[in-house]
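S.K.:
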Amino acid sequence: MNRLRWLLILAVFAGMIALSVILWPYGGAGGIIGGGVGFLLRLWGRGLDASERIGNGFVGALMGMPLGLLAGGLYAIAWPYLLNAYNSL
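And the structure:
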């Protein structure tokens, strides 16, 4: 059961990276940046040894990727429309 859980977690991680690469023109860079920021923020968190801190960083990357992808998509897609609407006033 433990191996199946790790397989699912790694599949989710690989899927988020693949989604960020596929959606690169539409803000996919935000997913990669969000994953990196999430990793670094959680890396310095609570942990007794190096492997626990790396695990915390991995969880931070999993949380940061979808948020970064959402923020990057808003910036890449919605921001030009908002600027256009504002400039047409």
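For the sequence shown, the numbering used here assigns the number 2 to the initial residue and increments by one for each residue that follows.
Note that the Cβ used here is the ideal one computed from N, Cα and C, for glycine as well.
Predicted model, so just to flag it, every value in this text is computed and none were measured.
Decide if the stretch 4-17 is in contact with the stretch 38-58; the criterion is three or more beta carbon pairs, one per stretch, under 8 angstroms apart.
M.R.: no
S.K.: Quick check on this structure: which residue in 67, 89, 85 and 19 has the alpha carbon closest to the alpha carbon of residue 31?
M.R.: In the sequence shown, the residue the question calls residue 31 occupies position 30. Residue 31 has its Cα closest to that of 67, out of 67, 89, 85 and 19.
S.K.: Which whole-angstrom value describes the C-beta separation of residue 62 and residue 39, a residue pair presumed to lie in contact below a C-beta threshold of 8 angstroms?
M.R.: Along the sequence shown, read from residue 1 onward, the residue named residue 62 stands at position 61. Along the sequence shown, read from residue 1 onward, the residue named residue 39 stands at position 38. Yes, they are in contact, since the Cβ atoms of residue 62 and residue 39 sit about 5 angstroms apart, within 8 angstroms.
S.K.: Quick one: give me the first and last residue of the alpha helix (DSSP H) that residue 15 is part of.
M.R.: As a working mapping, residue 15 is identified with position 14 in the sequence shown. Counting along the chain, residue 15 sits inside the alpha helix (DSSP H) bounded by residues 3-23.
S.K.: Looking at residue 35: is its Cβ nearer than 8 angstroms to the Cβ of residue 11?
M.R.: To locate residue 35, count along the sequence shown from 1; it is residue 34. To locate residue 11, count along the sequence shown from 1; it is residue 10. No. Outside cutoff.
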